[in-house]
Amino acid sequence: MSTCEALNSSTEPSNYILVAEDDQDVAFLITEMLKEEGYEYVWAQDGQEALEIMDKQMPNLLITDIMMPRMDGIELIKNVRKDENKCHMPVIVVSARTEDADRLIGLEAGAEVYLGKPFNSEELMLRVRKLLEQREMLRIKYSREIAEADRIEAEEQSQNINGNDREFIEKVDEFIHENIINSELDANALAETMHMSPTTLNRRIKSITGTNTTIYIRQKRLGRAKQLLQNTQMSMGEIQAVCGFESPSYFSRAFKAEYGISPSDFRKKRGNF
Numbered sequence: 003m004s005t006c007e008a009l010n011s012s013t014e015p016s017n018y019i020l021v022a023e024d025d026q027d028v029a030f031l032i033t034e035m036l037k038e039e040g041y042e043y044v045w046a047q048d049g050q051e052a053l054e055i056m057d058k059q060m061p062n063l064l065i066t067d068i069m070m071p072r073m074d075g076i077e078l079i080k081n082v083r084k085d086e087n088k089c090h091m092p093v094i095v096v097s098a099r100t101e102d103a104d105r106l107i108g109l110e111a112g113a114e115v116y117l118g119k120p121f122n123s124e125e126l127m128l129r130v131r132k133l134l135e136q137r138e139m140l141r142i143k144y145s146r147e148i149a150e151a152d153r154i155e156a157e158e159q160s161q162n163i164n165g166n167d168r169e170f171i172e173k174v175d176e177f178i179h180e181n182i183i184n185s186e187l188d189a190n191a192l193a194e195t196m197h198m199s200p201t202t203l204n205r206r207i208k209s210i211t212g213t214n215t216t217i218y219i220r221q222k223r224l225g226r227a228k229q230l231l232q233n234t235q236m237s238m239g240e241i242q243a244v245c246g247f248e249s250p251s252y253f254s255r256a257f258k259a260e261y262g263i264s265p266s267d268f269r270k271k272r273g274n275f
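Using the working numbering, the letters of the sequence shown correspond one by one to residues 3 to 275.
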């Protein structure tokens, strides 16, 4: 196993876990356990490398040691918690430092769970599963809260479209809204659902909206992100994930290109935008 190696898949998974651990044997043990449970994972040898990985592909959960070179686990957790793109991420500490004072430092820094080495493998996997389930429940809750806003937006848009075109674009919007969390939702997936070739779908959407299918899907993602920035207290990282953007940097670039302002600045000025 080599550092930074995504061991199961090159595509972004739904439960992708980052393990920051400088001891190769311990890292191998944890990642093998994750593999057996069906999770995707990547290994970083220290906190600095973990942050670099997060900037490229945001994990759903972090498992970290405390004592590591370059950047230790406490500093890593503090960096995660102060970054609005990362602060939503659950953190589990697995450390040989098991004194009460060490545990309190880790929990104060922002870890949800602090386990001592040697750890109970069943407990670690239970903690992983429960934290991921909690995050998924939050995503579902937020998705339900904006479902009505999506419906109203689609109805307002359709007022300017007549007949068969209105029915068609409503079906397109419904599918996009239901699958928006999926970063792999693209023109091909939409075409398959609509029982059309990608070329025919693109031609039809462009005739109605003036834009191609790929851009139309991105606009829907950005529209939902804008709603969440305006109406919820979700973190930037949560909004990016819920709206199906693969990375914080891409989300920020796309949002600014669409609205002329960064997501962070939009949230600060949302009352006057």
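Cβ atoms here follow ideal geometry from the backbone N, Cα and C, with glycine treated the same way.
Rounded to the nearest angstrom, what separates residue i and residue j at their Cα positions?
| i | j | result |
| --- | --- | --- |
| V96 | E54 | 21 Å |
| Q232 | E186 | 25 Å |
| P71 | D24 | 8 Å |
| F247 | T195 | 21 Å |
| A22 | I79 | 11 Å |
| T211 | S254 | 24 Å |
| P287 | D188 | The requested residue 287 does not occur in the structure, where the chain is confined to residues 3 to 275. |
| Q242 | C89 | 12 Å |
| I76 | A111 | 6 Å |
| E38 | M60 | 22 Å |
| M35 | T202 | 46 Å |
| S264 | K84 | 18 Å |
| P92 | A103 | 21 Å |
| R99 | V28 | 15 Å |
| N184 | G118 | 35 Å |
| M139 | I19 | 18 Å |
| N62 | I94 | 12 Å |
Let me know the secondary structure DSSP gives residue i once reduced to three states.
| i | result |
| --- | --- |
| E86 | coil |
| S249 | coil |
| T5 | Bear in mind that a pLDDT of 38 at T5, under 50, signals an unreliable position, so the model cannot answer this. |
| A22 | strand |
| G118 | strand |
| I94 | strand |
| L53 | helix |
| L187 | coil |
Comparing C-alpha positions only, which one of the options sits nearest to residue i?
| i | options | result |
| --- | --- | --- |
| Q136 | M60, K84, E240 | E240 |
| T33 | V115, L126, V174 | L126 |
| D67 | Q47, K258, I217 | Q47 |
| R206 | G225, D175, K228, F170 | F170 |
| L64 | N184, Y218, Y43 | Y43 |
| N81 | D57, A103, E101 | D57 |
| I178 | R226, M198, L134, A52 | R226 |
| T215 | N204, L224, M198 | N204 |
| A191 | R168, E172, I219 | I219 |
| E260 | C245, I217, Q235, I94 | I217 |
| L134 | L106, R269, Y41 | Y41 |
Just to check, is the beta-carbon of residue i closer than 7 Å to a non-hydrogen atom of the ligand FAD?
| i | result |
| --- | --- |
| I263 | In the structure shown, the ligand FAD is absent, as is every other ligand, since no ligand is present at all. |
Pull up the CB-CB distance for residue i and residue j, whole angstroms please, since I reckon it's below 8 Å.
| i | j | result |
| --- | --- | --- |
| K228 | I182 | That belief does not hold up - the Cβ atoms of K228 and I182 are roughly 13 Å apart, past 8 Å. |
| P250 | N87 | 4 Å |
| M73 | G108 | With a Cβ gap of about 15 Å, M73 and G108 do not count as contacting. |
| A256 | L224 | 6 Å |
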